[in-house]
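Before any comments, here is the structure.
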Amino acid sequence: DSIGRRGLYVGNLVRPKGVAADDEGNVYIVESMHDNLLVFDAQSRLLLALGGTGKDIGRFYLPAGVWIDGRNRVFVADMFNGRV
Numbered sequence: 782d783s784i785g786r787r788g789l790y791v792g793n794l795v796r797p798k799g800v801a802a803d804d805e806g807n808v809y810i811v812e813s814m815h816d817n818l819l820v821f822d823a824q825s826r827l828l829l830a831l832g833g834t835g836k837d838i839g840r841f842y843l844p845a846g847v848w849i850d851g852r853n854r855v856f857v858a859d860m861f862n863g864r865v
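Going by the working numbering, the sequence shown opens with residue 782, and the numbers climb by one from there.
Structure below.
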């Protein structure tokens with residue numbers, strides 16, 4: 782099986798940099814082309830595209846990875862903004 786599809790629009794995959802899954806089977810993919818975090822459900826349907834380019838809270842600038850802890854909290858390594 783595969784998840785997502787290649788394309789140039791928000792919600793598509795061009796330069797995925799990291800992937801993680803939560804306890805409910807949702808899959809989180811960091812997409813560096815659009816500087817966002819994509820959330821897919823267990824059936825591979827896109828639920829959310831979060832972020833976008835910027836320095837403000839909730840925005841990313843070349844996100845490089847994603848991690849989910851044991852409490853299903855999502856952490857994104859935001860490389861050019863120098864933060865998690």
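We treat Cβ as the ideally placed atom computed from N, Cα and C, and that holds for glycine.
Heavy atom of the ligand SAM within 7 angstroms of residue i beta-carbon
{"i": "V855", "result": "Among the components of this structure there are no ligands whatsoever, and the ligand SAM is therefore not found."}
Pick from the options that is closest to residue i, judged by C-alpha positions
{"i": "G799", "options": "V855, G863, N862", "result": "V855"}
{"i": "P797", "options": "V820, L828, M814, D804", "result": "M814"}
{"i": "D804", "options": "R852, G863, V865", "result": "R852"}
{"i": "A830", "options": "D837, F841, K836", "result": "F841"}
C-beta neighbour in chain D for residue i, strict 8 angstroms
{"i": "L843", "result": "Within the model displayed, chain D is absent; a lone protein chain is all it includes."}
Residue range of the beta strand (DSSP E) that includes residue i
{"i": "Y809", "result": "808-812"}
{"i": "K798", "result": "797-802"}
{"i": "F856", "result": "855-859"}
{"i": "A830", "result": "827-832"}
{"i": "G846", "result": "844-849"}
Close beta carbons around residue i, own chain, < 7 angstroms, minus the five adjacent residues each side
{"i": "S783", "result": "none"}
{"i": "L789", "result": "V795"}
Contacts around residue i, its chain only, beta-carbon distance under 8 angstroms, and the 5 residues preceding and following it disregarded
{"i": "R786", "result": "N793, L794"}
{"i": "A845", "result": "K798, G799, V811, S813, A858, D859, M860"}
{"i": "L827", "result": "G785, G792, L819, V820, F821"}
Cβ neighbours of residue i in the same chain (closer than 6 angstroms, five flanking residues each side left out)
{"i": "V847", "result": "G799, A801, Y809, V811, V857"}
Test item: CB-CB of residue i and residue j under 8 angstroms
{"i": "D816", "j": "G839", "result": "no"}
{"i": "G806", "j": "A823", "result": "yes"}
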